[in-house]
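Worksheet: the structure to be examined is printed underneath.
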Amino acid sequence: MSDTQLFEGAGDEEIRRPLMEKVIAISFIISVLGTVGLGVTYWVGGQPQVEGGFLFLALGGIGVGIVSWGKYLVPQGPYVQERHEMRSAPEDVDAMHASLSRGLGQVGRRKFLLRLLGGAVGVFGLINLFPFLRSLGPVPGKSLFVTNWKHGSELVTADGRTVLASDLEVGGVMTVFPKGFEGEPSNAIDQVILVRAADYDLVTRPGRETWGPEGYLAFSKVCTHAGCPVGLYQELTQQLLCPCHQSLFDVLTGATNVFGPAPRPLPQLPLYVGTDGVLRSQAGFDEPIGPGFWERGA
Amino acid sequence: MNDHKRRKSKKRSQLSWAVGSVASGAAVLALATIALYPHQGHAEVLASAKVATHAKVAAKPAAHGASSQQPIVYKNPPRSLIPQGRQLFAEDCQTCHGPDAEGSVRAPNLQGLGAATVDFWVATGRMPLADPTEEAEIKPPRLSHEQQLAVSAYVASLAPGGPAIPSPNLGLANLSKGESLFAENCAACHTITGAGDALANNIYAPSLWAATPTEVAEAIRTGPGDMPRFGPGTFSNQEVDDIVRYVAYIQHPDDRGGLALGGVGPVAEGFVAILIGLGSLMVAGYWIGGRAQ
Amino acid sequence: MSTLEQRAVDAADFADERLGVAKFARSSFNKIFPDHWSFMLGEIAMYSFVILIFTGVFLTLFYVPSSHMITYHGSYAPLRGQKMSEAYASTLNISFNVRAGLVMRQIHHWAADVFIAAIVVHLLRIFFTGAYRKPRELNWIIGSSLLILAIVNGFIGYSLPDDLISGTGIRIAFSIILSIPVIGSYLAFFVFGSNFPGTSIIPRFFIIHVLILPAIIAALIGAHLAIMWHQKHTQYPGRGRTNRNVVGIPFWPAYALQAGGFFFITSAVIAALGGFVQINPIWLYGPYIPYKVSYAVQPDWYMGWLDGALRLMPSWEAVFGPTYGGHMIPNVFFPAVLLPGITFGLLFSWPWIEKRFTKDDREHNICDRPREHPVRTSVGVGILMFYIVLFLASATDVLANTFQTSLNLVLWTLRIMLFVLPLVAGLVTYLLLREMAAIPSIGDPKIPVEIRRDFDGSFTLAELSIHGEEEEILELPEEVAYRSLVGGHGHSAPSMDTNGDQSSVETSEAGDDHGVFEVPRD
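Protein chains in written order, with this note's numbering: chain A, 31 to 328; chain B, 67 to 359; chain C, 26 to 547.
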């Protein structure tokens with residue numbers, strides 16, 4: 031700490047800058063007025079812009095004042111201070127090594143006890159980590175593989191209205207849920223985008239011959255990329271676009287991913303039209319919906 | 067001692083001078099701030115201003131014609147306009163759409179699409195095109211309001227079908243229901259603030275900030291261009307009216323936080339934070355960190 | 026002694042008699058801080074953090090961390106009657122009904138944006154001036170950790186209002202955690218307390234945001250400052266500045282006043298932003314409902330590079346075996362887990378990576394000039410460019426819309442730019458710096474000189490001050506005088522023969538700072 035003596039007593043000469051003193055005084059006065067304005071604004075009910083403006087004056091006045099004071103009215107030097115290398119003197123380092131080794135020797139001699147201690151702490155950590163993690167949430171189990179869609183699920187809108195095959199015009203689009211699961215939290219997983227791409231039966235892919243009655247195609251609305259709702263339907267090109275990362279899915283070929291980062295098509299929900307004219311699902315999805323995870327394959 | 071006194075009195079005169087100048091400065095600033103945001107004096111003023119603007123929005127379409135208690139009234143233009151429409155169609159449209167609007171390789175068949183479709187394309191200036199290679203973009207309409215109605219009347223008279231021109235009655239609309247429907251069905255393309263955005267392959271969801279209630283209702287019902295069509299099976303007239311009401315709201319939203327930055331969200335905010343926020347602080351730092359004199 | 030002084034002295038005595046602070050306090054008061062605008066960047070970050078604490082405490086008084094769904098009956102008409110989480114409803118309440126609530130919310134959000142921006146620019150300053158070298162590697166590690174914590178806490182705070190846009194962000198966060206191989210699905214369920222969305226995430230985020238991370242950040246900032254205090258600040262080369270000294274202003278009073286004032290100026294600027302520029306108007310976004318979505322959804326700027334990486338990633342994922350029973354490394358793992366892992370791994374290990382090449386184990390207290398280190402600077406510029414392209418990629422849709430070009434074209438352009446631009450920028454930087462290095466005395470301040478030829482034929486060179494007064498007269502060898510005349514630049518003769526250690530005294534003396542200078546000695 032001896033280095034600080036270098037400039038002690040230096041720079042005590044008086045700095046005279048009347049103009050600066052005036053500027054600083056004005057700054058502080060601006061601050062006071064700003065604070066008063068702020069108080070009045072609060073008193074009468076507050077208004078964001080006026081509050082922001084007065085806060086700016088109140089804080090800025092103090093800030094400019096203090097900085098100017100520190101910059102123009104007190105000595106600036108420059109002063110010089112020595113610095114030392116961080117490492118300590120060799121004799122101190124040696125003494126540290128000696129102390130460290132002495133302690134280590136006293137403890138490390140009892141190897142068996144040391145191992146036992148390590149074991150005890152390790153077991154404690156491991157075992158207690160488990161309930162801590164386990165209390166946080168359930169294990170996923172099969173929940174990422176299933177939705178609430180099953181054979182005969184009625185398609186309903188978010189407010190529970192049953193969707194009839196006559197409801198959508200060609201070029202229409204709608205978000206639907208299995209009846210009874212239109213509320214939270216299941217609607218996050220079960221959401222399906224229903225598109226009417228034609229007025230005749232559509233086959234998106236071999237093996238899906240009956241899935242698109244009267245031109246109705248239904249796909250999981252959860253993007254296979256990062257899980258956003260694929261709510262953006264471009265009617266002329268008959269493509270679904272994900273608003274988050276712009277993955278593009280081609281509806282007529284079974285929502286195949288044609289552009290952007292999405293690695294898989296949106297799973298298609300097989301539909302049929304009941305005798306009552308209500309749209310229903312033939313079965314649940316034939317693959318897990320949404321983004322990928324370790325436990326699923328292709 | 068004497069010297070000290072003199073300095074003190076000099077200081078006092080400095081002080082009064084400073085107080086005066088600063089007080090007037092602050093007052094000007096405060097007034098300017100309030101003037102910049104005329105709708106937001108303080109809470110009560112704010113509330114009354116809002117009621118007033120809401121009332122204005124609600125009153126406008128009511129005066130527009132729909133006097134009934136229907137949320138939307140669909141009306142075809144008067145048949146008397148058909149001859150004028152035929153004339154205009156022959157001049158501006160039939161090169162591409164064919165003499166009877168039956169379509170060609172260049173342009174779609176318009177028969178049976180109804181007056182609302184034609185009115186939407188013509189009223190938003192997308193049609194007629196100056197030449198067939200041009201893109202159909204929003205621009206000031208080339209036809210007058212009467213001419214727009216005339217062309218719509220003519221095309222609608224060629225074949226039945228399609229909706230007539232809707233007049234939403236915003237006075238009957240539920241703003242909150244409109245927000246909910248808008249977020250579910252419209253925001254995915256037009257963005258939640260209605261700013262519009264680019265879709266895939268050179269398609270754009272246009273900004274909704276200049277659309278009239280009739281245009282919004284027409285677009286919902288007819289699905290122009292790449293926009294899906296939302297027929298009566300999807301939205302009731304009441305629901306369309308609700309959405310139109312919400313679109314009218316986001317054209318003049320409550321931007322009580324200050325400058326709205328174009329309604330494009332965090333991208334613009336990031337630039338402001340870095341360039342203006344950090345930028346001005348770095349300038350301040352340049353002043354502070356520099357050597358005096 | 027005035028009464029003020031007397032009181033301060035009494036207080037100091039009180040402290041010293043109980044804690045023995047005199048020695049430390051004296052050395053602290055007298056500690057010298059070098060002056061440079063680029064040394065203020067870290068201060069901006071720290072002051073923003075203080076603002077975040079103040080405004081954040083205010084916000085916690087009104088915010089309700091709950092996913093419980095209620096029906097809104099508040100004063101914002103366009104959402105009245107809708108179902109929403111209590112978290113969102115309370116944020117509406119802060120924005121519309123709490124007096125000064127909106128301005129506080131906006132200041133808080135702007136402060137967060139500025140906080141991380143300042144950290145990043147501060148980090149760039151440290152990087153390009155080589156201020157992370159021995160003995161400052163520990164502070165480099167702490168600073169990098171602070172950057173990660175600030176980004177994470179920023180994202181979590183952005184998510185707390187539970188509005189439509191931030192809710193979509195939480196959904197993506199779930200998918201990212203889910204994508205981690207082997208443990209991903211377990212981890213995601215543990216963090217969220219169930220499958221997405223669940224009702225636990227908002228309260229959990231809240232306690233992380235207001236307690237756990239701020240406490241860690243505050244502790245690390247404390248350590249960061251203490252280490253800086255102990256090691257003394259680095260300084261730029263200049264006349265009289267050596268590796269063994271610090272030249273600048275004393276902590277008390279000059280530096281303390283300037284730094285203290287800067288806190289108020291930072292607060293003022295952020296308060297002005299909070300008052301006049303709207304940020305995150307959550308009432309216009311509506312409540313988060315999992316099947317609703319808005320286009321043009323972006324995270325806050327500091328998450329932009331991750332969002333951009335998610336967008337630019339090709340549609341590729343690693344699969345082993347069938348859908349049921351097989352395994353998968355999902356697409357988002359690569360841009361959203363692997364890339365940040367590599368990014369921060371590289372960041373943390375940079376001082377040691379450089380050491381491996383330079384074999385330099387000396388202490389460095391003099392900052393490098395970026396232009397004098399073409400390799401480091403060009404590598405830095407290249408890497409920076411990589412992240413700038415990623416950042417731009419987070420706005421592909423906004424860019425396409427603004428410039429009315431195809432979204433697909435923008436995406437492909439950026440995919441190519443991501444690899445081309447860093448190489449080009451790095452190479453151009455490198456070549457430019459090599460060129461500059463070949464020009465003698467580049468960057469030195471131009472000193473007016475007068476070269477005189479005496480009757481005996483010898484040359485003298487008079488160095489003039491800015492005011493034209495003679496300051497120094499040097500005898501000049503003939504060829505040097507000739508070169509100075511022909512070259513047309515200020516004299517560089519004294520530094521010609523001392524091109525040794527970059528950070529040594531000799532070279533620095535040839536540098537700038539010809540201001541008034543006093544070097545008090547023992």
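C-beta: ideal position from N, C-alpha, C; glycine also.
Using a Cβ cut-off of 8 Å (strictly closer), state whether residue i contacts chain B.
i, result
"valine 186/C", "The sequence as given places proline at residue 186/C; valine does not occur at that position. With 8 Å as the cut-off, proline 186/C does not count as an interface residue toward chain B."
"asparagine 433/C", "yes"
"histidine 61/C", "yes"
"phenylalanine 331/A", "Past the boundaries of the shown model lies residue 331/A; chain A is included only from 31 to 328, so the question cannot be answered."
"isoleucine 290/C", "yes"
"proline 519/C", "For proline 519/C, the predicted structure reports a pLDDT of 40, less than 50, and the residue's modelled location is therefore unreliable. A value from the coordinates is still provided. Proline 519/C does not count as touching chain B."
"isoleucine 197/C", "no"
Closest Cβ-Cβ distance between residue i and chain C: below 8 Å?
i, result
"tyrosine 220/B", "no"
"histidine 275/A", "yes"
"glutamate 212/B", "no"
"glutamate 335/B", "yes"
"glycine 324/B", "yes"
"isoleucine 157/A", "no"
"tyrosine 361/B", "Residue 361/B falls outside the range modelled here, since chain B spans only 67 to 359, and no answer is possible."
"isoleucine 100/B", "Unreliable placement is indicated for isoleucine 100/B, whose pLDDT of 47 sits below 50; no coordinate value is reported for it."
"alanine 256/A", "yes"
State the DSSP-derived secondary structure class of residue i, mapped to helix, strand or coil.
i, result
"serine 403/C", "helix"
"aspartate 422/C", "helix"
"glutamate 184/A", "strand"
"valine 330/B", "coil"
"glycine 68/C", "In the sequence on display, residue 68/C carries glutamate and not glycine. Note: glutamate 68/C maps to helix in three-state DSSP."
"histidine 234/C", "helix"
"asparagine 217/A", "helix"
Over the uninterrupted alpha helix (DSSP H) stretch that includes residue i, give me the two end residues.
i, result
"tyrosine 183/C", "162 to 184"
"glutamate 281/B", "279 to 288"
"lysine 384/C", "Segment: none, lysine 384/C is in no alpha helix (DSSP H) and carries neither H nor E."
"threonine 28/C", "28 to 44"
"tyrosine 327/C", "Careful: tyrosine 327/C lies outside any alpha helix (DSSP H) and carries neither H nor E."
Counting along the chain, where does the beta strand (DSSP E) carrying residue i start and finish?
i, result
"proline 208/A", "203 to 208"
"proline 234/B", "231 to 234"
"leucine 270/A", "269 to 271"
Strictly under 8 Å for the Cβ-Cβ distance: is residue i near chain A by that measure?
i, result
"cysteine 255/B", "yes"
"methionine 293/B", "yes"
"glutamate 250/B", "yes"
"asparagine 267/B", "yes"
"leucine 446/C", "no"
"proline 324/C", "no"
Would you say the beta carbon of residue i comes nearer than 7 Å to a heavy atom of the ligand FMN?
i, result
"valine 303/A", "The ligand FMN is not part of this structure, which contains no ligands at all."
Nearest chain E C-beta to residue i closer than 8 Å, yes or no?
i, result
"valine 75/C", "Absence of chain E from the displayed structure is noted, the protein chains being A, B and C."
What are the residues in the segment 169 to 188 of chain A lying within 8 Å of chain C by C-beta distance? Val169, Pro170, Ser173, Leu174, Phe175 and Ala188
Could you tell me which whole alpha helix (DSSP H) segments of length 4 or greater appear in the segment 134 to 211 of chain B? 148 to 158, 160 to 163 and 181 to 189
Within 8 Å of chain B by C-beta, residues of the segment 295 to 318 of chain C in sequence order: Ile295, Leu298, Gly300, Phe301, Val302, Gln303, Ile304, Asn305, Pro306, Trp308, Leu309, Tyr310, Gly311, Ile314, Tyr316, Lys317 and Val318
Chain A contacts from the segment 301 to 312 of chain B (Cβ-Cβ distance under 7 Å): Against chain A - using a Cβ distance shorter than 7 Å - the segment 301 to 312 of chain B contributes no residues.
Taking beta-carbon pairs under 8 Å, can you tell me which members of the segment 333 to 346 of chain C lie near chain A? Leu335, Arg336, Leu337, Met338, Pro339, Ser340, Trp341, Glu342, Val344, Phe345 and Gly346
If we require 3 or more residues per run, which beta strand (DSSP E) segments fall completely within the segment 101 to 151 of chain A? 109 to 112
To test your reading of the DSSP string, which unbroken alpha helix (DSSP H) runs of 4 or more residues are found completely within the segment 84 to 170 of chain C? 111 to 121 and 126 to 153
Near-chain C residues of the segment 95 to 115 of chain A - C-beta to any C-beta below 9 Å: Gly95, Ile96, Val97, Ser98, Trp99, Gly100, Lys101, Leu103, Val104, Pro105, Gln106, Gly107, Pro108, Tyr109, Val110, Gln111, Glu112, Arg113, His114 and Glu115
Can you check the segment 237 to 284 of chain B for any alpha helix (DSSP H) of at least 4 residues that lies completely inside it and give the ranges in chain order? 241 to 251 and 253 to 256
Name, going along the chain, the residues of the segment 97 to 118 of chain C whose beta-carbon falls closer than 8 Å to a beta-carbon of chain B. Listed by position along the chain: Tyr101, Ala102, Pro103, Leu104, Arg105, Gly106 and Gln107.
Proximal residues, the segment 194 to 212 of chain A versus chain C, C-beta separation under 7 Å: For the segment 194 to 212 of chain A, residues whose beta-carbon sits nearer than 7 Å to a beta-carbon of chain C comprise Thr205.
Contacting positions in the segment 203 to 214 of chain C - beta carbon closer than 7 Å to chain A: Leu203, Ser204, Pro206, Val207, Gly209, Ser210, Tyr211 and Phe214
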